[in-house]
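One structure is given below, encoded as structure tokens.
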Amino acid sequence: MPICTRLLTAQIVKVAVNQPVAIRSSMWVKNNQNIHFMNLHVKKLEKLLLF
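For the sequence shown, counting from 1, position 50 maps to 52 in the numbering used here; every step adds exactly one.
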């Protein structure tokens, strides 16, 4: 097995391993943004209910 093929395989494996992590972290970020948005929305509603 030539060195370049081995490097390419290692690169592909690295990308394959990193992809689920990237997807998971982007989902986590999206969820955090949703939570933040919901918190803002709840605060607005609380203000409306208080006045």
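From the three backbone atoms N, C-alpha and C, an ideal C-beta is built for every residue, glycine too.
Nothing here was measured: the structure is a model prediction, and the numbers come from that model.
Pairwise C-alpha distance: residue j and residue i
i, j, result
"residue 13", "residue 46", "49 Å"
"residue 31", "residue 10", "31 Å"
"residue 34", "residue 4", "45 Å"
"residue 7", "residue 29", "33 Å"
"residue 22", "residue 38", "24 Å"
"residue 19", "residue 44", "38 Å"
"residue 41", "residue 27", "21 Å"
Residue i, DSSP secondary structure in three states
i, result
"residue 22", "helix"
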